[in-house]
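Protein chains: 2
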Amino acid sequence: MSLPHAILTALLEKPSSGLELTRRFDRSIGYFWSATHQQIYRELGRLEAGGLIRALPSEHPARGQKKAYEVLRAGRDELARWTAASQDPKPMRDVTLLRLRAAAVVGTEGLHADLRRHRELHGRQLEEYREIERRDFPPGKDGPQDRLRHLVLRAGIDLETFWTQWLDHALSEFESLPEPDEGEWPGARTA
Amino acid sequence: MSLPHAILTALLEKPSSGLELTRRFDRSIGYFWSATHQQIYRELGRLEAGGLIRALPSEHPARGQKKAYEVLRAGRDELARWTAASQDPKPMRDVTLLRLRAAAVVGTEGLHADLRRHRELHGRQLEEYREIERRDFPPGKDGPQDRLRHLVLRAGIDLETFWTQWLDHALSEFESLPEPDEGEWPGARTA
DNA sequence: CCCGCTTATGCAACTAGTTGCATAAAGGTG
DNA sequence: CACCTTTATGCAACTAGTTGCATAAGCGGG
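Same order as they appear, the protein sequences are chains U and G.
Under our numbering, the first residue of the first sequence carries the number 1376, and numbering increases by one thereafter.
Under our numbering, the first residue of the second sequence carries the number 1376, and numbering increases by one thereafter.
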């Protein structure tokens, strides 16, 4: 149950309309909590119904008309409560690792090329994060809030660094693997 | 759509009953693809209905009776197809990073202690992985399959290493942060 | 002024994962 | 043997996220 809290955080940083939020989720916030516009609109409705946010008054509130929201006191309190509450880290689910384990059973055919592609994507993401770091956190920008936000970005940078390095390692392993001449992969029993 | 493929992989490694699978998902497989027993039973039913696996013949197939499954040819083919197919890495969702970003707006109250707890948990997980590495991948065990499986474990080790280091960094930042004397966190507008 | 494109909001149906509980057999204990 | 716990399987309802599409206003040509 984190989407509402992601939205509350975003709205506290800056009151926005649904579409503006969507744009922000495609950039900064989405780097660690992605959401589609449909999720966002639905959740905005719920948050408004629950009295945590409200639509800023507008001249002509009609369909196709921008509607900006701001956070109410109850919303801020809820976000503070949620942030402070103890939460267990949830077990991870990573498709790439699963595919690699499957490849150990059915063969690596086809996987190699896709991992190379992933290496490219993670490399690009890493560059993008580094760019943001240069832009948003020059030396000296180190108030309490800057430090916390920098910490979040740092996690993104270090994670992408991990992935690029791990994928490089995996790719070099693939290259030194013997050709899978059919039968190389012991045909774990199928009927 | 990865749970069925996780199950196919597990069953190819070793035919098992639902409960045995559940146990294995609590250990090795669950380290990168977790699943509850309800998910597993449901999916076993679907896979059987789809002709990808079949129940091994049993004397008395009754409720409360172990029922083991094995993978059929179609199941193996499907797993090979899925493994080789190109897949985009999906955007991540990490609650901890989200909480940290929220804390930059509503204050760090309470978060510190929970991050310390997470540091402990990740540290323990890291130790467990290292233990497995010592046990399952002694020097010399480096056939193609061992190499691939070791690669997966390596990812787990490196990820937990990242988290412990990042959390250590975060915790030290928290300690050097000024006391949040109410108002330290600019009260981003609430109505 | 009608056509198509962009901006903006939203519903409905679907898929995946979670939570809570039910059922039944097996095996031990008083 | 009546009761309790453990092993093993499973259904039903719920929550969260995804996909596909609908609606409507504004705006710029031809």
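Here a beta-carbon is modelled for each residue, glycine too, at the ideal position from N, C-alpha and C.
The beta carbon of U/ASP1521 sits closer than 7 Å to the beta carbons of PHE1512 from its chain, once the five residues preceding and following it are set aside; these are given in chain order.
U/GLU1445: not part of any alpha helix (DSSP H); member of the beta strand (DSSP E) spanning 1443-1446, first to last residue. If you draw a straight line from the Cα of U/ASP1463 to the Cα of U/LEU1526, it comes to about 20 Å. In chain U, no part has a C-beta under 8 Å from the C-beta of G/GLU1503; the shortest such distance is about 13 Å. Between the beta-carbon of U/PHE1549 and that of U/THR1483 there is about 6 Å, and that keeps the pair under the 8 Å contact cut. Taking 3 residues as the shortest admissible run, the stretch 1436-1521 of chain U contains the following complete beta strand (DSSP E) segments, listed from N- to C-terminal end: 1443-1446.
Using a Cβ distance threshold of 7 Å, U/LEU1454 and G/ALA1455 do not count as a contacting pair. Not a single CB atom of chain G sits nearer than 7 Å to the CB of U/PRO1514.
Taking a beta-carbon distance threshold of 7 Å, G/SER1461 counts as an interface residue toward chain U.
Your pair U/GLY1393 and U/ILE1415 checks out as a contact, with CB atoms roughly 6 Å apart and the cut at 8 Å.
The DSSP-derived three-state label of U/SER1403 is coil.
With respect to the 7 Å criterion, G/VAL1470 and U/SER1377 are classified as neighbours on the basis of their beta carbons. Selection U/GLN1413, U/LEU1523 and U/PRO1390 evaluated against G/LEU1472 yields U/LEU1523 as nearest (Cα-Cα).
G/ASP1401 and G/LEU1419 have their C-alpha atoms some 17 Å from each other. Nearest CB-CB separation between G/THR1458 and chain U: below the 7 Å threshold. Chain order gives the chain U residues near G/GLN1520 as ALA1479, where near means a beta carbon separation below 7 Å. In this model, U/SER1391 and U/TYR1444 are separated by some 6 Å (Cα to Cα).
For G/HIS1412, there are no neighbours in chain U by C-beta distance under 8 Å, as the nearest C-beta there is about 14 Å away. Residue nearest to U/SER1461 within the set G/PRO1466, G/LEU1475, G/VAL1446 and G/GLU1535 is G/LEU1475 (criterion: CA-CA distance). In the structure shown, G/SER1391 adopts extended strand secondary structure according to DSSP, grouped into three states. G/ALA1430 has G/TYR1444 as its beta-bridge partners, per DSSP.
In the DSSP assignment, U/GLY1420 falls within the unbroken alpha helix (DSSP H) covering 1412-1424. U/THR1539 places its beta carbon less than 7 Å from that of U/GLY1498. Residues of chain G whose Cβ lies closer than 7 Å to the Cβ of U/PRO1466 are, in chain order, GLY1405 and SER1409.
At a C-beta separation below 9 Å, U/GLU1484 has these neighbours in chain G: ALA1455, THR1458 and ALA1459. In this structure, G/ARG1399 is the residue among G/ARG1399, G/GLU1506 and G/SER1551 with its C-alpha nearest to the C-alpha of G/HIS1412. For G/GLU1495, the closest C-alpha among the options G/PRO1379, G/TRP1541 and G/ARG1417 is that of G/TRP1541.
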